[in-house]
Ligand SMILES: [Zn+2]
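Now the structure itself:
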């Protein structure tokens, strides 16, 4: 019998992990970070096909699920950092419902928990109470937090920072919730605190100009400083459909390309993120070429370098060759 997709959040917590069991650090683990499955974008936006479908995205999603299910050991979870589907919830509701059914039938086969992050395509560029509640009934809370393996994860909804014209109360609620999470992280002082969100504060350099794919400059600095103050050193995003990233102080911002349509030189893929005792290591893989065996026993390269008095970043960024060029 086919598996059924289950919504896995409740009261702004991710319910696949039991908080009491997960608060304590035990050993290194890994998770898969992906973004922008965005069913429909390839034919509609990239190929400009009038009667577009989303068989290509479904194929990429299916192959990603196969890759992950074949990994040994298994990742703790897969996170898709927003834009799960392409169709707009207000103006393309019928198409979106079909995309949602297809998304769920593919990801129901995933044998580890799926963490869904809310993107602009999921609630609209100008979210409304209607689009937000539709998202919540389909995919669960649009912002929440959870513990996994001694690490505290915070999932934000960046669309409230982009345009809260029609949802000012939700935006305030989100921001005060975020502040609570940051205070909690400061108090609990976990091994690592990691943020997942859709829109990156910046793409390569914190000083870069505001554009479609990053956040407003003053908002960006305020948010990054709040994250940094709470001890957060790792923020993973999507939205750009290319690999990118950079540093704000010693906080690494990782922008991961899409499982779905590409807008640059990156290949459809996902990122393997190893969570080690003293740092995170991450590497982007094209779908179909991810590792079967994930070695978590080795001491991190960064730790060795640190001892040698070299790199102080605490993270090993992905190789420069993977960074997609803007199209
Ligand atoms: Zn997006």
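Residue numbers (our numbering): 33 to 359.
Think of the CB as a built atom: it goes at the ideal place given N, C-alpha and C, for glycine as much as any other residue.
Ignoring anything shorter than 3 residues or poking outside the segment 214-239, list the beta strand (DSSP E) runs there in chain order.
DSSP runs (the beta strand (DSSP E)) wholly in the segment 214-239: 224-228.
Have a look at the DSSP bridge pairing and note the partners of residue 41.
BP columns for residue 41 point to 46.
Give every residue of the same chain whose Cβ lies closer than 7 Å to the Cβ of residue 189, excluding the five residues on either side of it in the sequence, and list them in chain order.
Only 150, 174, 175 and 206 meet the Cβ criterion.
Considering Cα atoms alone, identify which of 49, 186 and 239 is closest to residue 213.
Looking at the Cα atoms, 186 is the closest of the given residues.
Strictly closer than 5 Å from CB to any heavy atom of ligand 1: give me those residues in the order they appear in the chain.
Listed by chain position, these are 115, 151, 152 and 271.
Could you check which residue in 82, 310 and 243 has the C-alpha nearest to that of residue 58?
Of 82, 310 and 243, the residue nearest in Cα terms is 310.
Compare the beta carbon distance of residue 269 and residue 239 with 9 Å and say whether it is the shorter of the two.
No, Cβ-Cβ distance for residue 269 and residue 239 is not below 9 Å.
For residue 38, count neighbouring C-beta atoms within 10 Å of its own C-beta (all shown protein chains included) and say buried if the count is 16 or more, exposed if not.
Result: exposed.
Report the three-state DSSP secondary structure of residue 206 (helix, strand or coil).
Helix.
Taking the straight line between their C-alpha atoms, what separation do you get for residue 296 and residue 127?
Rounded to whole angstroms, residue 296 to residue 127 spans 26 Å at the Cα level.
Within 10 Å of its beta-carbon, does residue 121 have 16 or more other beta-carbons around it, so buried, or fewer, so exposed?
Buried, because 16 or more other Cβ atoms sit within 10 Å of the Cβ of residue 121.
Report the option in 271, 291, 274 and 267 whose CA atom is closest to the CA atom of residue 282.
Looking at the Cα atoms, 267 is the closest of the given residues.
My output table needs one value for residue 319: the three-state DSSP class, helix, strand or coil.
The answer is coil: DSSP assigns residue 319 none of H, G, I, E or B.
Quick check: the segment 135-146 against the segment 99-116, are there 3 or more CB pairs under 8 Å?
Enough Cβ pairs lie closer than 8 Å, so yes.
Would the segment 300-317 and the segment 53-69 be scored as touching if the rule is three or more Cβ pairs under 8 Å?
Touching, per the Cβ criterion.
Could you give the residue range of the beta strand (DSSP E) that holds residue 146?
Segment 146-148, the beta strand (DSSP E) holding residue 146.
Looking at the secondary structure, which residues open and close the alpha helix (DSSP H) in which residue 266 lies?
From DSSP, residue 266 is part of no alpha helix (DSSP H) but of the beta strand (DSSP E) over 266-269.
Identify, in the order they occur along the chain, each residue of the same chain with its Cβ nearer than 6 Å to the Cβ of residue 177, setting aside the five sequence neighbours on each side.
Once the five neighbours on either side are set aside, the close Cβ partners of residue 177 are 186 and 213.
Taking the Cβ atom as the reference point for each residue, do residue 228 and residue 147 lie within a distance shorter than 9 Å?
In this structure, residue 147 lies closer than 9 Å to residue 228 by Cβ.
Please classify residue 321: is it buried, with 16 or more other beta-carbons within 10 angstroms of its beta-carbon, or exposed?
Exposed, because fewer than 16 other Cβ atoms sit within 10 Å of the Cβ of residue 321.
Please name the residue, chosen from 329, 243, 156 and 35, that lies closest to residue 192 on a Cα-to-Cα basis.
Selected option, being the one with the closest Cα: 156.
Alpha carbon to alpha carbon, what distance is there between residue 154 and residue 40?
The alpha-carbon atoms of residue 40 and residue 154 are separated by roughly 17 Å.
My parser needs the beta strand (DSSP E) runs of 3 or more residues fully inside the segment 98-156; what are they?
Here the runs fully enclosed are 110-112 and 146-148.
Once you ignore the five residues that flank residue 258 on each side, which residues in its own chain have a CB closer than 7 Å to its CB?
Cβ neighbours of residue 258 beyond the five flanking positions: 214.
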